[in-house]
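First the structure, in the form of structure tokens, and then the observations on it.
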Amino acid sequence: MPEAANVMDRLVSLAKRRGFVFQSSEIYGGLGSVWDYGPLGVELKNNIKERWWRSMVHEREDIEGLDAAILMHPKVWEASGHLAGFTDPLVDCRQCKNRFRADDPRIKGSPGQPDAQCPVCGSKGMLTAPRMFNLMFKTFMGPVEEAAAVVYLRPETAQGIYVNYVNVLQSSRQKIPFGIAQVGKAFRNEITPGNFTFRTREFEQMEMQFFVKPGTDQQWFEFWREERMKWLVGLGIRAERLRFHQHTPQELAHYAKEAYDIQYEFPFGWQEFEGIHNRTDFDLSRHQEASGKKLEYLDPATTERFIPYVVETSAGADRTALVVMVDAYHEEEVAGEKRVVLRFHPAIAPLKAAVFPLVNKDGMPELSRRIFDDLRKHQKVFYDDGGSIGRRYRRQDEAGTPFGITIDGQSIQDGTVTVRDRDTLLQVRVAADGLAGYLAERLRS
Ligand code: GAP
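Take the sequence shown: its position 37, counted from the start at 1, is 42 in this note's numbering, and no numbers get skipped.
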């Protein structure tokens with residue numbers, strides 16, 4: 006296994022070189038902790054989001070989809086508690102003007118006291134006492150930049166679901182228990198972003214809010230905890246690198262009664278990338294109170310009225326993509342040469358296969374093109390006729406492409422091609438006519 010400390014550096018460099026992730030606005034020196042997905046990265050993240058959507062919305066009768074807007078009425082954030090409670094404690098250095106989280110481990114002493122030492126300029130007694138800093142991005146709606154026009158970029162997608170809960174319930178004719186799922190952007194003005202795409206200021210969430218009868222929440226909480234872990238293992242992530250972490254009372258968010266993180270063992274340690282939260286009736290009750298609109302559910306069977314409890318599964322699409330990349334990254338030796346390979350689960354690999362004419366003559370390019378044109382109707386595939394076949398294989402190993410299809414002299418004679426498996430390196434001959442079916446079979450799971 007490559008040395009942990011350097012793995013992230015090598016992964017970040019591969020991500021840029023191969024077109025997974027670029028720094029935002031790089032030609033202007035970059036924008037802090039904002040990242041862009043390149044051609045391979047966008048395929049990978051889309052595949053993850055689609056797989057999530059399929060498992061949540063298409064494969065279940067009791068979950069509906071939603072795409073709520075990023076901008077919401079400012080009262081939403083008052084009611085949700087984000088205006089008052091979505092804060093981090095910050096301290097400023099009066100000497101060098103740098104700003105830190107109050108719990109920054111580099112700070113010696115207690116901020117606000119004479120013994121406190123700035124971790125950047127080293128001045129003593131210049132750090133202010135901690136002040137609470139709200140993590141929501143503010144902007145203005147309409148032409149006038151005044152307090153009454155302030156709106157926020159949502160810090161979680163969940164609130165768009167709560168305020169639409171009655172709309173979805175009525176239009177879909179669902180009954181409790183049922184869920185609403187959404188994938189979308191969220192924004193947080195993080196004070197200490199970092200570790201590549203792990204903590205960023207703009208990111209995507211895949212959230213599902215499951216509305217249940219109070220008293221059944223514990224059982225649904227357990228159900229969704231298990232389901233989410235199963236889904237992640239099904240994504241090909243190594244189970245031994247995944248674990249649950251139960252929130253202590255100090256860690257619980259303002260809305261949660263109980264919460265578990267799902268953590269992954271990154272090269273920089275165990276870190277959360279998904280959470281399962283029992284949010285009780287906190288959000289719906291607060292919105293009912295603040296909006297004056299009834300958000301109660303009338304149980305048709307018992308005629309009982311209640312505000313549903315919510316069990317939330319909240320995943321970051323970017324963090325999940327990072328977990329998938331880190332987990333897939335392998336350096337190994339093949340025939341005396343170093344190879345870097347991303348062992349993505351074939352279902353989420355950005356490219357499913359690459360098509361290679363062995364040489365650019367003797368009818369091989371023509372047959373290769375025909376095969377490529379046929380395959381790309383079904384899958385995202387790549388055509389590469391540049392350089393030695395060994396180099397072409399290596400390039401696809403780095404992209405995580407599960408299958409390499411080579412068209413050689415024999416292909417022209419008998420219409421078969423070789424299919425190389427990225428992981429086993431085994432090659433089999435397959436009839437070119439049956440390739441689409443062969444790939445579909447190997448990619449199914
Ligand atoms: N609705 C609940 C909620 O937002 P959270 O634990 O604050 O809960 C859920 O966030 C997930 O969103 C995290 O597990 C993580 O994957 C992702 N996430 C949160 N903040 C992030 C950030 N600054 N950068 C990237 N992903 C982030």
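Think of the CB as a built atom: it goes at the ideal place given N, C-alpha and C, for glycine as much as any other residue.
Measure how close the beta-carbons of residue i and residue j come, nearest whole angstrom, since I'm counting them as under 8 Å.
i: ASP41; j: SER29; result: 5 Å
i: ALA359; j: ILE417; result: Not a contact, Cβ separation roughly 20 Å.
i: GLU317; j: GLU212; result: 7 Å
i: PRO94; j: PRO135; result: 4 Å
i: GLU48; j: PRO355; result: 4 Å
CA-CA distance, residue i and residue j?
i: SER177; j: GLY70; result: 10 Å
i: VAL155; j: ASN139; result: 14 Å
i: TYR302; j: ASN169; result: 14 Å
i: GLU227; j: ILE68; result: 17 Å
i: TYR251; j: PHE145; result: Going by the sequence as given, residue 251 is Gln instead of Tyr. Their Cα atoms are separated by approximately 38 Å.
i: ALA352; j: VAL26; result: 20 Å
i: PRO44; j: GLU161; result: 26 Å
i: ALA121; j: ARG291; result: 40 Å
i: TYR157; j: GLU64; result: 34 Å
i: GLN210; j: PRO362; result: 41 Å
i: ALA1; j: ALA404; result: The requested residue 1 is not part of the displayed model; the chain covers only 6 to 450.
i: THR221; j: PHE287; result: 16 Å
i: THR307; j: VAL328; result: 45 Å
i: ILE112; j: GLN100; result: 15 Å
i: LYS299; j: GLN175; result: 13 Å
i: LEU88; j: VAL81; result: 9 Å
i: GLY274; j: ARG104; result: 25 Å
i: LYS343; j: ASP402; result: 11 Å
i: TYR260; j: LYS21; result: 38 Å
i: ALA258; j: HIS78; result: 22 Å
i: ARG23; j: VAL171; result: 45 Å
i: ALA74; j: THR406; result: 35 Å
i: GLY392; j: ASN51; result: 30 Å
i: GLY86; j: LEU76; result: 17 Å
i: LEU19; j: SER373; result: 28 Å
i: ASP378; j: MET137; result: 58 Å
Just to confirm, is the Cβ distance from residue i to residue j under 8 Å?
i: TYR265; j: PHE249; result: yes
i: ARG434; j: PHE408; result: no
i: VAL2; j: ARG193; result: Residue coverage of the chain in this structure runs from 6 to 450, which leaves residue 2 outside it and unanswerable.
i: VAL217; j: TRP229; result: no
i: PHE142; j: ARG324; result: no
i: ASN283; j: GLU263; result: yes
i: PRO110; j: LEU132; result: no
i: ILE32; j: ALA322; result: no
i: ARG233; j: GLU195; result: no
i: ASP428; j: ARG348; result: yes
i: GLN214; j: VAL315; result: yes
i: PHE483; j: VAL422; result: Only positions 6 to 450 of the chain appear in the structure, and residue 483 is not among them; the question remains open.
Legend entry - contact_flag[the region 231-243, the region 317-336] where n(CB pairs < 8 Å) is 3 or more: yes
Inset, instruction - Evaluate contact between the region 182-197 and the region 293-309, counting only Cβ atoms and requiring at least three cross-stretch pairs below 8 Å. - result: no
Inset, instruction - Could you tell me whether the region 435-444 touches the region 364-383, using the rule of 3 or more Cβ pairs below 8 Å? - result: Touching, per the Cβ criterion.
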